[in-house]
Amino acid sequence: MMILTVEKTKQWMKEIHKRMETNKEQLTALDQAIGDGDHGINMARGFGEVVAKIDGTEYDSVADVLKSAAMTLTAKVGGASGPLYGTAFLKMATALQGQEVNQQNLKAATDQALEGIKMRGNAEFGEKTLYDVWYQVAEFLGSEKVEDWQEMLEVCQATIEDTRELKATKGRASYLNERSRGHVDPGSMSSFYIFEALATVIEM
Ligand code: ADP
Ligand code: MG
Ligand code: MG
Numbered sequence: 001m002m003i004l005t006v007e008k009t010k011q012w013m014k015e016i017h018k019r020m021e022t023n024k025e026q027l028t029a030l031d032q033a034i035g036d037g038d039h040g041i042n043m044a045r046g047f048g049e050v051v052a053k054i055d056g057t058e059y060d061s062v063a064d065v066l067k068s069a070a071m072t073l074t075a076k077v078g079g080a081s082g083p084l085y086g087t088a089f090l091k092m093a094t095a096l097q098g099q100e101v102n103q104q105n106l107k108a109a110t111d112q113a114l115e116g117i118k119m120r121g122n123a124e125f126g127e128k129t130l131y132d133v134w135y136q137v138a139e140f141l142g143s144e145k146v147e148d149w150q151e152m153l154e155v156c157q158a159t160i161e162d163t164r165e166l167k168a169t170k171g172r173a174s175y176l177n178e179r180s181r182g183h184v185d186p187g188s189m190s191s192f193y194i195f196e197a198l199a200t201v202i203e204m
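FYI, full-length UniProt numbering numbers position 105 of the sequence shown as 105, with every residue one higher than the one before it.
Listed below in structure tokens is the structure:
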């Protein structure tokens, strides 16, 4: 079954943007605790740019929308998260090129995104980064529960909570070393909004 169309993918980006605006202060507060306090601003502005770009553009495929989003994020978001999310969406686009999107190739595309994040940020699971959430989503999409999007979001939420007690070993939070413990990773939170938005448009 086709689960994403060009229209739905555009909607996905809009739903992400909405959440980044609504939760801008939360993301900023999380980043103030263990980073430089700009994550909410980076995400709200970045996805605002994505929406502005895709709104005025005609696309032939889901892959083209994702590629456009990726290039915008990489170009417009300073900081670690822009290029990381840019790479993730670009890898998804490449994996989905010339295909209609179904459960199977969405799983494959998420695996590729994960590889891209890893390549770009050199992170592994458990280092208190957004990689942790993408990893769990990729795992979930490969499991038998794959169509239960609400359960996927619960898995994400548990993963976010798990980042709290981890020590950061990548990104700015790693400068704090042991003092990074006790705070949720901001990028894990923004990744949750990305997948919450995806679940919303797929279920629409
Ligand atoms: P910056 O840290 O440059 O200000 P942001 O605040 O926008 O950028 O994003 C911070 C988030 O980026 C972190 O919470 C973390 O999830 C993610 N991140 C940072 N470095 C890495 C990395 N090397 N690999 C994966 N994710 C990372
Ligand atoms: Mg920051
Ligand atoms: Mg910054």
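Glycine is no exception: its CB is placed at the ideal position from the N, C-alpha and C atoms.
Item, Value
"4-residue-minimum alpha helix (DSSP H) runs that sit fully inside the segment 120–169, ordered along the chain", "131–141, 149–163"
"Opposing strand residues paired with V101 [DSSP bridges]", "L4"
"Residue of G187, V201, E165 minimising C-alpha distance to M20", "G187"
"Contained alpha helix (DSSP H) runs [length at least 4] in the segment 45–112, N- to C-terminal order", "62–76, 81–96"
"Any residue whose CB is nearer than 6 Å to a heavy atom belonging to ligand 3, listed in chain order", "D36, D38, G79"
"G35 and K24 closer than 7 Å at C-beta", "no"
"Given 8 Å, three or more beta-carbon pairs between the segment 87–100 and the segment 61–76", "yes"
"Contact under 7 Å by Cβ, L27 with M13", "no"
"Nearest-angstrom Cα separation, counted from V50 out to G56", "10 Å"
"Closer than 6 Å: D31 CB and nearest ligand 2 heavy atom", "yes"
"Nearest-angstrom Cβ-Cβ length linking S81 and S190, presumed shorter than 8 Å", "7 Å"
"Where the alpha helix (DSSP H) through L30 begins and ends", "24–34"
"Continuous alpha helix (DSSP H) stretch holding V201: start and end", "186–203"
"Helix, strand or coil at H17 according to DSSP, with G and I counted as helix", "helix"
"C-beta contact flag for M2 and E100 at 7 Å", "yes"
"Three-state secondary structure assigned by DSSP to H183", "coil"
"Proximity test, S81 beta-carbon vs ligand 1 heavy atom, cut-off 6 Å", "yes"
"Straight-line gap, T129 to V77 (C-alpha atoms, nearest Å)", "17 Å"
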